[in-house]
Amino acid sequence: MKGGIVMVMTRLNKIIELDPANLIAVCEPGVIVGDLNTEAAKFGLIYPPDPGTVKTATLGGTVSENAGGLRGLKYGVTKHYVMGMEVVLANGEVMNCGGKNVKDVSGYDMTKLFTGAEGTLGVITKVIVKLVPAPEAKKSMMAIFKNLDDAGNTVAGIIAANIIPATLEIMDNATIRTVEDYAKVGLPLDMEAVLLIEVDGNPTVVEQEAEKVLKVLKENNAATVQVAKTAAEVDKLWAARRAALPALNKLRTTTYCEDATVPRSMVPKFLRAVQDIAKRNNVQIGTFGHAGDGNMHPTIVCDIRDKEEMARVYTAMDEMFKAAVDLGGTLSGEHGIGLGKLEWMEYQHGPVGMNAMKAIKRALDPNLILNPGKLVGEC
Amino acid sequence: MSNEITAKDVNEQDKALLRDIENSLANCSKCGGCMAVCPMFSELGVESSVARGKLALMEGVLNGQIPISENFEKAMGMCVSCKACTANCPCGIRADELIIRGRQAVVKARGLGSIKKNVFNLLQNRHLFDFALRMAGLFGPLSFKKLPRPMAAVARFPMPGMDAKRVTAPFQSTPLRSQYPETVKVDKPKMRVAFFTGCTINYAYTDVGQSVINVLKANNVEVVMPSMQHCCGTPVFTSGEVDMGKTFAKHNIETFERYDVDYIIAACGSCTEAFKIEYPHMFKDDPAMKARAEKLSKKTYEISEFLVDVLKFRTDTLGPVNATVTMHDPCHMARGIKVTRQPREVLKAIPGLNFVEMKAPDRCCGSGGSFSLAHYDISRQINDKKIADIASTKADIVATSCGTCRMHITDGLVQNNKDAQVFHVIQLLDRAYQAGKKK
Chain A
0 MKGGIVMVMT RLNKIIELDP ANLIAVCEPG VIVGDLNTEA AKFGLIYPPD
50 PGTVKTATLG GTVSENAGGL RGLKYGVTKH YVMGMEVVLA NGEVMNCGGK
100 NVKDVSGYDM TKLFTGAEGT LGVITKVIVK LVPAPEAKKS MMAIFKNLDD
150 AGNTVAGIIA ANIIPATLEI MDNATIRTVE DYAKVGLPLD MEAVLLIEVD
200 GNPTVVEQEA EKVLKVLKEN NAATVQVAKT AAEVDKLWAA RRAALPALNK
250 LRTTTYCEDA TVPRSMVPKF LRAVQDIAKR NNVQIGTFGH AGDGNMHPTI
300 VCDIRDKEEM ARVYTAMDEM FKAAVDLGGT LSGEHGIGLG KLEWMEYQHG
350 PVGMNAMKAI KRALDPNLIL NPGKLVGEC
Chain B
0 MSNEITAKDV NEQDKALLRD IENSLANCSK CGGCMAVCPM FSELGVESSV
50 ARGKLALMEG VLNGQIPISE NFEKAMGMCV SCKACTANCP CGIRADELII
100 RGRQAVVKAR GLGSIKKNVF NLLQNRHLFD FALRMAGLFG PLSFKKLPRP
150 MAAVARFPMP GMDAKRVTAP FQSTPLRSQY PETVKVDKPK MRVAFFTGCT
200 INYAYTDVGQ SVINVLKANN VEVVMPSMQH CCGTPVFTSG EVDMGKTFAK
250 HNIETFERYD VDYIIAACGS CTEAFKIEYP HMFKDDPAMK ARAEKLSKKT
300 YEISEFLVDV LKFRTDTLGP VNATVTMHDP CHMARGIKVT RQPREVLKAI
350 PGLNFVEMKA PDRCCGSGGS FSLAHYDISR QINDKKIADI ASTKADIVAT
400 SCGTCRMHIT DGLVQNNKDA QVFHVIQLLD RAYQAGKKK
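Protein chains in written order, with numbering that gives the first Met the number 0: chain A, 0 to 378; chain B, 0 to 438.
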């Protein structure tokens with residue numbers, strides 16, 4: 000990009016401090032998220048943001064992307080856990096912002112600004128994150144629905160019953176078929192949706208919540224419901240969800256796993272819109288994702304070397320992002336904008352929003368040397 | 000018209016060498032899942048050390064962006080062939096095979112490095128190879144000092160291509176196959192098997208070969224060790240010398256076809272994998288040879304797999320082996336032929352033996368066959384983690400099923416001042432049968 004260089008931060012991989020008294024970890028940006036969790040577990044703590052790539056994702060990367068993951072509904076996303084950081088600014092000066100304080104209204108919230116900035120504002124060299132106590136118990140359930148709306152109503156019903164599950168995942172029919180063909184986990188092919196639900200917390204509360212969830216599932220015509228009784232059964236329930244991306248991946252040469260996100264109540268509408276777009280453009284799309292927080296992963300499989308097909312793929316992407324924004328959603332829930340989604344930014348934010356973002360970019364990086372052209376485009 | 004060769008010509012030439020894997024490379028979704036399991040990446044932390052980076056470099060050659068340079072060669076060499084990337088790839092990419100294809104392109108474009116070239120030339124001549132290793136065994140004590148632990152030696156003076164402190168396996172003055180007649184007979188044999196000894200067991204760890212024979216005898220199995228057998232070819236094949244690898248394969252196929260046996264057994268993951276998986280794969284474009292390779296492949300078993308799944312070895316005559324034992328799964332056992340249950344069943348059948356599982360038993364020990372010769376320092380770093388995992392089990396014995404793993408772990412234990420000893424699984428079973436006789 001514009002004759003630039005790539006800064007690799009992976010060797011800044013030390014956990015500088017684990018402070019259980021303040022529920023804080025201070026880390027270098029190259030620390031692997033999974034490794035931080037292994038260390039935190041020694042104190043009975045967790046760092047909740049868990050993107051599917053926890054074993055390889057670095058903390059700096061997840062902070063710069065404001066990564067989400069499977070537990071977003073209950074635990075929030077990365078920005079809810081970043082307390083402070085050390086950043087090298089574009090002019091080479093080192094800035095420290097935030098800290099270990101739970102309450103801190105001293106000045107602009109610079110920490111939040113740099114979180115999710117995709118490296119366009121500075122180079123993060125240290126991160127202070129919040130940890131929380133690990134849940135003592137969890138319970139996993141899987142429900143299969145003949146009708147997509149029933150699955151949507153179930154999600155609404157669970158929330159209406161004042162339950163916030165740690166995980167609430169959905170897979171559409173195209174994904175169900177692909178997963179079944181690939182992993183043979185016993186999913187019925189004629190079903191419109193699968194929901195995977197996990198509640199966690201205090202053992203007594205977990206039992207009560209699981210009961211309530213089962214009631215909601217029944218009220219909303221779930222065709223089958225499975226509750227995992229052993230760790231092995233939990234693994235079995237998760238196998239289908241875990242196989243979703245690999246299964247779609249193996250179908251074709253190129254995979255675009257998008258992350259358009261809509262308000263929770265709009266999930267069934269969005270899934271229908273995606274299915275419609277796929278059909279109209281003759282493009283293969285399987286959708287799965289985090290139904291609980293509305294973060295969907297419409298996954299397009301294609302062959303980047305086939306120009307004619309790619310034209311249809313780009314049209315479908317166009318329509319998909321517009322559909323998400325029109326439903327009150329956003330282009331990206333957790334993967335970021337970079338260059339790939341840049342062209343749709345103005346559609347979501349309008350000229351006023353774009354100008355405000357560009358003003359921030361120009362103020363902090365006047366020579367436009369940090370990730371030039373990305374996230375907010377040319378300034 | 001000019002006869003000058005331009006950079007573009009070189010790039011075009013290099014591109015042609017990788018053309019056939021263009022589709023396989025395109026399937027990589029660049030997710031980086033391989034980074035989580037790659038022992039090389041965990042030590043070096045650079046993109047070119049992990050499968051994703053290596054595949055990207057090969058794509059760079061195909062796109063005409065880079066030539067097959069010295070740096071490209073170095074990057075392709077930075078791999079222990081542990082197959083962890085392939086086993087964990089969500090896109091189903093066989094990165095281990097693609098990296099070997101990358102090395103093959105290097106050999107074609109740049110030739111093989113001089114040390115390897117000399118070794119492989121020696122290896123190609125079966126008689127010369129046998130002579131050289133026997134000489135190494137005869138004169139070994141002059142150049143290697145034995146250590147006070149079984150089958151371990153350290154060089155008395157600097158050796159080319161070897162770290163001065165490094166502990167290796169001593170070459171034996173009498174190779175295994177010269178210690179026995181070609182056929183080791185038993186009374187009323189239950190079956191007859193051909194033993195593919197492999198080089199490590201024939202020339203260095205003869206104690207493992209002796210145990211294989213003892214255990215089979217104890218189970219009434221007649222063993223024949225075809226005298227014309229030769230190196231399985233894996234070292235040359237994985238270095239990218241595919242054609243030379245094929246000559247080795249053909250020779251071994253022809254040799255073993257001449258014997259009327261029920262099964263073929265080997266006591267090393269890589270050697271078994273060569274017969275079982277690689278030979279049929281090598282001849283995928285030669286239907287006649289492929290059929291012959293497949294015929295042998297079907298009756299080939301690793302010794303513990305054979306004992307448990309085919310022979311159902313006797314357990315009534317086993318005596319106690321009082322020791323705490325942990326198990327290291329060699330890469331080519333765990334991810335090559337996928338045999339990890341059977342060696343454990345063998346160990347757990349032994350009375351008095353206390354089996355303790357270590358953390359990540361199938362993580363590479365860092366040897367990578369000839370990789371450790373070229374990159375002992377990195378090999379040592381990877382191995383130090385394995386030694387720490389072994390130490391935390393407090394085991395007296397590490398059991399494994401591969402000669403080079405045994406050698407490298409022994410070296411690691413010495414370098415880290417640990418007392419545990421390393422044996423092949425079959426040696427412990429042999430010891431149990433011996434103990435049973437004393438009862």
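Glycine is no exception: its CB is placed at the ideal position from the N, C-alpha and C atoms.
Whole angstroms is fine: what's the gap from residue i's alpha carbon to residue j's?
i                 : j                 : result
Met0 of chain B   : Ala25 of chain B  : Confidence at Met0 of chain B is low in this model, with a pLDDT of 47, below 50, so its placement is unreliable and no value can be given for it.
Ala222 of chain A : Phe144 of chain A : 5 Å
Val273 of chain A : Met8 of chain A   : 37 Å
Asn22 of chain B  : Asp302 of chain A : 10 Å
Asn95 of chain A  : Leu58 of chain A  : 17 Å
Lys228 of chain A : Glu208 of chain A : 15 Å
Thr409 of chain B : Val424 of chain B : 15 Å
Leu427 of chain B : Leu346 of chain B : 8 Å
Glu333 of chain A : Arg379 of chain B : 39 Å
Val5 of chain A   : Gly60 of chain A  : 13 Å
Glu139 of chain A : Tyr80 of chain A  : Checking the sequence shown, residue 139 of chain A turns out to be Ser, not Glu. Distance between the alpha carbons of Ser139 of chain A and Tyr80 of chain A is about 25 Å.
Lys384 of chain B : Val104 of chain A : 45 Å
Ala165 of chain A : Arg51 of chain B  : 33 Å
Lys393 of chain B : Phe422 of chain B : 16 Å
Glu342 of chain A : His348 of chain A : 11 Å
Asn219 of chain A : Pro267 of chain A : 14 Å
Met77 of chain B  : Thr260 of chain A : 41 Å
Looking only at its chain, what residues have a beta carbon closer than 6 Å to the beta carbon of residue i, apart from the 5 residues adjacent to it on each side?
i                 : result
Arg240 of chain A : Glu168 and Leu195
Glu272 of chain B : His331, Gly335 and Ile336
Glu345 of chain A : Met353
Phe236 of chain B : Gly244
Leu122 of chain B : Phe128 and Cys230
Val401 of chain A : Examination of residue 401 of chain A is not possible in this model, given that chain A is present from 0 through 378 alone.
Within the continuous alpha helix (DSSP H) that includes residue i, where are the two ends?
i                 : result
Met389 of chain A : Within the shown structure, residues of chain A are numbered from 0 to 378, placing residue 389 of chain A beyond reach of any answer.
Pro297 of chain A : First-last for Pro297 of chain A: Asn294 to Cys301, but that is the beta strand (DSSP E), not the alpha helix (DSSP H).
Thr177 of chain A : Asn172 to Ala182
Arg340 of chain B : Arg340 to Lys347
Arg271 of chain A : Val266 to Arg279
Asn152 of chain A : Leu147 to Ala159
Glu16 of chain A  : First-last for Glu16 of chain A: Ile14 to Asp18, but that is the beta strand (DSSP E), not the alpha helix (DSSP H).
Val62 of chain A  : Leu58 to Glu64
Asn353 of chain B : Element bounds for Asn353 of chain B: not the alpha helix (DSSP H) but the beta strand (DSSP E), Leu352 to Phe354.
Tyr262 of chain B : Taken as a continuous stretch (DSSP letters only), Tyr262 of chain B belongs to no alpha helix (DSSP H), being part of the beta strand (DSSP E) at Tyr262 to Ala265.
Ser177 of chain B : Leu175 to Gln178
Tyr255 of chain A : First-last for Tyr255 of chain A: Thr253 to Cys256, but that is the beta strand (DSSP E), not the alpha helix (DSSP H).
Identify, in the order they occur along the chain, each residue of the same chain with its Cβ nearer than 7 Å to the Cβ of residue i, setting aside the five sequence neighbours on each side.
i                : result
Gly43 of chain A : Pro132 and Ala133
Within the same chain, show all residues whose beta-carbon is closer than 8 Å to that of residue i, passing over the 5 residues directly before and after it, in chain order.
i                : result
Val36 of chain B : Ala83, Cys84, Ala86 and Asn87
Am I right that residue i and residue j are in contact with their C-beta atoms under 8 Å? What's the rounded C-beta distance?
i                 : j                 : result
Phe320 of chain A : Thr174 of chain A : So it is not a contact: roughly 20 Å between Cβ atoms.
Leu146 of chain B : Val397 of chain B : 16 Å between Cβ atoms; not a contact.
Lys373 of chain A : Glu117 of chain A : 6 Å
Gly33 of chain A  : Leu11 of chain A  : With a Cβ gap of about 17 Å, Gly33 of chain A and Leu11 of chain A do not count as contacting.
Ser48 of chain B  : Met39 of chain B  : 4 Å
Val224 of chain A : Leu213 of chain A : 7 Å
Val320 of chain B : Ala434 of chain B : 6 Å
Tyr278 of chain B : Ser296 of chain B : 6 Å
Just curious, the beta strand (DSSP E) that residue i is in, first and last residue?
i                 : result
Cys26 of chain A  : Ile23 to Cys26
Met326 of chain B : Ala322 to Met326
Leu206 of chain A : Residue 206 of chain A is actually Glu in this sequence, not Leu. Counting along the chain, Glu206 of chain A falls outside any beta strand (DSSP E), though it belongs to the alpha helix (DSSP H) covering Pro202 to Glu218.
Leu88 of chain A  : Val81 to Leu88
Asn95 of chain A  : Val93 to Gly97
Compute every distance between the C-beta of residue i and the non-hydrogen atoms of the ligand ATP, then say whether any falls below 8 Å.
i                 : result
Ala209 of chain A : As presented, the structure is devoid of all ligands, the ligand ATP included, so that no description of it is given.
Query raised in the report: Just by C-beta distance, which residues in the segment 225-242 of chain B are closer than 8 Å to chain A?
Result: Answer set for the segment 225-242 of chain B: empty.
Query raised in the report: Taking a cut of 9 Å between CB atoms, which residues from the segment 7-37 of chain A lie near chain B?
Result: So the close ones are Val7, Thr9, Arg10, Asn12, Gly29, Ile31 and Gly33.
Report task. Quick one: which residues of the segment 227-239 of chain A get their C-beta closer than 7 Å to a C-beta of chain B? List them in chain order. Result -> Within the segment 227-239 of chain A, no residue has a Cβ lying closer than 7 Å to any Cβ of chain B.
Query raised in the report: If contact means a Cβ-Cβ distance below 9 Å, which residues of the segment 80-103 of chain B contact chain A?
Result: Per Cβ criterion, the list reads Cys88, Pro89, Cys90 and Gly91.
Query raised in the report: In the segment 242-267 of chain A, which residues sit with their C-beta less than 7 Å from some C-beta in chain B, listed in chain order?
Result: So the close ones are Leu244, Pro245, Asn248, Lys249, Thr252 and Thr254.
Query raised in the report: Looking at chain B, which residues of the segment 45-59 of chain A have a Cβ within less than 8 Å of any of its Cβ atoms?
Result: Those would be Thr52, Lys54 and Thr55, in chain order.
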